[in-house]
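When we follow my numbering, the leftmost residue of the sequence shown carries the number 322, and every step to the right adds one.
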Amino acid sequence: MGKLFIANLKMMVRNRQALFWMLMFPLMFTVIFGFFFGQNNNQPQTVAVVQQSKTEIAQQLVNSLKDSGNFTIQTEDTLSAIKEKIQKGKASSGLVIPEGFGENTSTANNTVLLVSDPANSQLNAVLAGYVNTYLTQVNYQVQQAKPIFTASEEKISSKPSGYFDFVLAGLIGMALMNASIQGVSISMSKYREDKILKRMVVTPVRSWKFVVADVLSRLVLNVVQISLILALGIYGFNAHFNGNFVVIYALALLGAILFQLIGFAIAAVSKTTQAAEGMATAVTVPMMFLAGVFFPIDLLPKWLGSIVQFLPLAPLLRMIRTTAIEAVSPLADPKNILIVIVWVIVLGIFVISRFRLSEDPSLAGQTNHV
322 MGKLFIANLK
332 MMVRNRQALF
342 WMLMFPLMFT
352 VIFGFFFGQN
362 NNQPQTVAVV
372 QQSKTEIAQQ
382 LVNSLKDSGN
392 FTIQTEDTLS
402 AIKEKIQKGK
412 ASSGLVIPEG
422 FGENTSTANN
432 TVLLVSDPAN
442 SQLNAVLAGY
452 VNTYLTQVNY
462 QVQQAKPIFT
472 ASEEKISSKP
482 SGYFDFVLAG
492 LIGMALMNAS
502 IQGVSISMSK
512 YREDKILKRM
522 VVTPVRSWKF
532 VVADVLSRLV
542 LNVVQISLIL
552 ALGIYGFNAH
562 FNGNFVVIYA
572 LALLGAILFQ
582 LIGFAIAAVS
592 KTTQAAEGMA
602 TAVTVPMMFL
612 AGVFFPIDLL
622 PKWLGSIVQF
632 LPLAPLLRMI
642 RTTAIEAVSP
652 LADPKNILIV
662 IVWVIVLGIF
672 VISRFRLSED
682 PSLAGQTNHV
């Protein structure tokens, strides 16, 4: 079986075009999400400011925005200039501090104007929250009052994490799923069409050895896949992975075996390579979006979330994320590992009973099953 393993591995490596896209596809997603949400992308938000008041409170508001490190201030003369900056993409939002703002008189205009583009709602919320917090503090100081009701925050985890960390774990699962399901289903269907599997039946080599060698060779490439994604995410975009990497790799390989079984199941029921390609796509694409690769399943409607949480990819991603981001053992919630094991058993039974190396009835008496 060792020679079969080496032969399969060499065959995959020599197919350089397929190997390139198997590795590059998830890396492209990693780079795209890294540029948008990685830690290296925390650039200050540009705010165009019209400062018409000379009071100390008005000046402190502008200075506090500068000192926060979250905003870059551009001084403008008019409201129309702010709108033009936002429309041209040179500023994300604007702030107009009217004349007399900060004066403790009945005629003073003490209302600042926030100018925003609805397309930048997330950035606008940051500025609005900061300005409202500052003005609330100033109101208390001017009125010499103390807040009666306050809120405190307690974080359930001290581990730093962000959206990119969430997505990076999802991209690992997506890469394993696509490479395993697409790779196995299409290659096995192609082998059957080219009569390669039929020839294997009449050789002294046991059929199960050929299949195991193919599975192991793909696991080696899966390890390379995972390593490249982790290296790019952690060292290229400062992702925070705090868990045990041995456990992360073990979970990933368990998932790879599960997805390879799905690939064998598709190959077992598809008559042609084209049919296998279509079925593999029909399985991977919905699972990629519904199982929580890019966003939490909790955001889905409750009835749908209660269903998709049992998809093969969903529990795997939950275990990878809790291990990698929160440094929690995957056994802390045994339901996830149980779902994966059940899928492996069910698919394994199906593949053993349905997958044949050849459809030729004349070979029925020989070692035709896996």
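All C-beta atoms in this analysis are idealised placements derived from N, C-alpha and C, irrespective of residue type, glycine included. Predicted model only: the values in this text are computed from it and were never measured.
Close-in-space but distant-in-sequence residues of the same chain around residue i (CB under 7 Å, 5 per side omitted)
i, result
"Gly557", "Gly355"
"Ser538", "Phe326, Asn329, Leu330 and Met333"
"Gln373", "Ile418, Pro419 and Glu420"
"Tyr455", "Leu382 and Ser385"
"Ile569", "Ile641, Thr644 and Ala645"
"Trp664", "Leu579 and Pro633"
"Gly494", "Gly576, Val614, Leu634, Leu637, Leu638 and Ile641"
Cβ distance (whole Å) where residue i is taken to contact residue j below 8 Å
i, j, result
"Val392", "Leu386", "Rather than Val, the amino acid found at residue 392 in this sequence is Phe. With a Cβ gap of about 5 Å, Phe392 and Leu386 count as contacting."
"Gln366", "Val447", "6 Å"
"Gly423", "Thr376", "3 Å"
"Ala577", "Ile587", "Contact doesn't hold; Cβ gap of about 16 Å is too wide."
"Asn563", "Ile646", "7 Å"
Spatial neighbours of residue i in its chain, beta-carbon cut-off 6 Å, leaving aside the 5 residues before and after
i, result
"Leu632", "Met608 and Ala612"
"Met343", "Ala500"
"Pro347", "Leu492, Ala496 and Ile550"
"Asn431", "Phe422"
Residues sharing a beta bridge with residue i, DSSP
i, result
"Gln372", "Ile418"
"Ile394", "Val368"
"Leu382", "According to DSSP, Leu382 bridges with nothing at all."
"Ser437", "Ser414"
Reference residue i; option with closest CA among the options
i, options, result
"Ile502", "Met333, Thr594, Arg513 and Thr602", "Thr602"
"Gly483", "Met345, Val629, Phe616 and Ser389", "Phe616"
"Asp438", "Gln408, Tyr461, Gln464 and Asn425", "Gln408"
"Gly584", "Ile507, Arg639, Ala635 and Val463", "Ile507"
"Ile660", "Leu575, Thr426 and Val541", "Leu575"
"Arg335", "Ile670, His561 and Leu542", "Leu542"
"Ala560", "Gln380, Ala429 and Ala490", "Ala490"
"Ser413", "Met498, Gly390, Gln443 and Val533", "Gln443"
"Ala648", "Leu582, Asn657 and Asn565", "Asn565"
"Phe487", "Lys623, Val614 and Leu637", "Val614"
"Gln581", "Ile666, Leu621, Lys656 and Val368", "Ile666"
"Thr351", "Ile517, Val370, Ala635 and Ala552", "Ala552"
"Arg639", "Asp398, Ala573 and Gly450", "Ala573"
"Lys740", "Gly554, Ile658, Ile547 and Ala369", "Residue 740 lies beyond the stretch modelled for the chain, which goes from 322 to 691, so this question has no answer here."
"Lys656", "Ile670, Phe671 and Leu637", "Leu637"
"Ser389", "Ile658, Gly450, Val544 and Met498", "Gly450"
Burial state of residue i, where buried means 16 or more other Cβ atoms lie within 10 Å
i, result
"Leu357", "Note on identity: in this sequence residue 357 is Phe, with Leu being the wrong assignment. With fewer than 16 Cβ atoms within 10 Å of its Cβ, Phe357 is classed as exposed."
"Gln338", "exposed"
"Pro468", "exposed"
"Thr605", "buried"
"Gly651", "According to the sequence shown, residue 651 is Pro rather than Gly. Result: buried."
"Leu668", "buried"
"Phe485", "buried"
"Gly686", "Per-residue confidence for Gly686 stands at a pLDDT of 43, beneath the threshold of 50, marking its modelled position as unreliable; no derived number is given."
"Asp619", "exposed"
"Phe341", "exposed"
"Asp535", "buried"
"Ala635", "buried"
"Ile353", "exposed"
Residues near residue i in its chain [Cβ-Cβ closer than 8 Å; skip 5 each side]
i, result
"Thr594", "Ile507, Ser510, Lys511 and Glu514"
"Val433", "Leu382, Leu416, Val417, Ile418, Pro419, Phe422, Val452 and Leu456"
"Asn425", "Val463"
"Arg675", "Ala586, Ala589 and Val590"
"Met600", "Ser506, Ile587, Val590 and Ser591"
"Ala429", "Gly421, Phe422 and Gly423"
"Ile378", "Phe422, Gly423 and Val459"
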